[in-house]
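A short worksheet on the structure shown next.
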């Protein structure tokens, strides 16, 4: 490790020895803020390993005690209680765990990732353990909790081949009950009933604190799929409940809009695909186009995962239109603006895969309204789909009835059925007048699908 990094670790250990604790705390915090200017990822790994050893040394470890007694039964060591001696210790360590030098390199360096994982685990264990002097537990501030959660989010965003995602989730599971929350995996077993605090993990509770910090540490939108902030954001949204994302959609929307709505795909005269992005002035190359499609497919899959969570429907209730600061209707409009452009037919295998995912996402969105029949009955006449939106949606779904992918045809049929159930006779007449060819050919096309080669398509038709 660099001398600068070593000095940080030594300064932390000596914090409890200073009478002027506040002065020492400020000094160490300044060192932590500037450590990225002096240390490489390898040096940061060394610092984390030393810090992990220091924290483990303050835990009640019977195994370590027995080993020490085997070496020298007369050896006595003072009670290591430096972690609980000052609240500044937790603040300093947690701010170091989410330092940009660490978070920007953790997904590309497995040694750094495992060192961070071990240190976070030791930190959570030490925070849960009462002081060995006065038996009092350390009260963690919101900033400290947020710092640890940011570190966990970056760990969850690491490549699967690192094999640490389950360990990171275990740390979150251990941390959540300590702070008065349920285990994070309770979201998967929650029913469709109302969300309670007992079902929320720390990621859900501190969502509005974690997300802005991840965005602030990264360059402006749009991001690349391999950017550390993108990986952490993806992990954060997948870890939290659908209701958490829906209730905070005002913060989530810019992320999706900036990556799914900035480019419009057209076809050149020679029949090849190109993307015209607001940030680009020239036609993209094939590699850039493939990268753009890969990014969109990844985000559409993420959006579909969020909408598939049953708890997301709680944020789309018609009652939320008047009570929510970020209304359910506006949420629906934004989601449709992200999905519909990607449902339009374009040539290419990746375009087909994106179109199928967009159809699945639209199905998940419409299912929240279709399945909530009790609310529909209580809120008779209330719909979150604008007539103008339906006017654009029906022709797009009609065009997808001829898609080469059977799954896309099936989902388009189901979505079309859900949309038509919400259309009044007046709205349908208006659509017929503006899209006569589409409506006139809709019924014959559905009759043709009754003889489709795939049974699920026939059933949907």
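Numbering (the working numbering), first residue to last: 385 to 845. Ideal placement from N, C-alpha and C gives every residue a C-beta, glycine not left out. Computed from a prediction, not measured in an experiment: that's the story for all the values here.
- Taking the CA atoms as reference points, residue 738 sits about 33 Å from residue 810.
- Bounds of the alpha helix (DSSP H) holding residue 630 are 626 to 631.
- Note on residue 731: under 16 other CB atoms within 10 angstroms of its CB, so exposed under the neighbour-count rule.
- The Cβ atoms of residue 630 and residue 715 lie closer than 8 Å to each other.
- By the neighbour-count criterion, in which 16 or more other beta carbons inside 10 Å mark a residue as buried, residue 671 falls on the exposed side.
- A straight-line Cα-Cα distance of about 6 Å links residue 559 and residue 508.
- Under the three-state reduction of DSSP output, residue 638 falls in the helix class.
- Ranked by Cα distance from residue 831, the first of 842, 620 and 689 is 842.
- If you compare the alpha carbons of 549, 627, 597 and 596 with that of residue 619, the shortest gap goes to 549.
- For the pair residue 592 and residue 749, the Cα-to-Cα distance works out to about 23 Å.
- Looking at the backbone, the Cα of residue 684 and that of residue 641 are separated by about 11 Å.
- Taking C-beta separations shorter than 8 Å and ignoring five residues to either side along the sequence, the partners of residue 806 in its chain run 753, 767, 769 and 774, following chain order.
- When DSSP states are grouped into helix, strand and coil, residue 606 belongs to the coil group.
- When only Cα atoms are considered, residue 612 and residue 483 end up about 13 Å apart.
- The alpha carbon of residue 553 has as its nearest neighbour, out of 586, 525, 717 and 528, the alpha carbon of 586.
- Note that the C-beta distance between residue 490 and residue 538 is below 8 Å.
- The residue from 543, 621 and 743 with its alpha-carbon nearest to that of residue 494 is 543.
- With respect to residue 503, residue 436 sits close: the two C-beta atoms are nearer than 8 Å.
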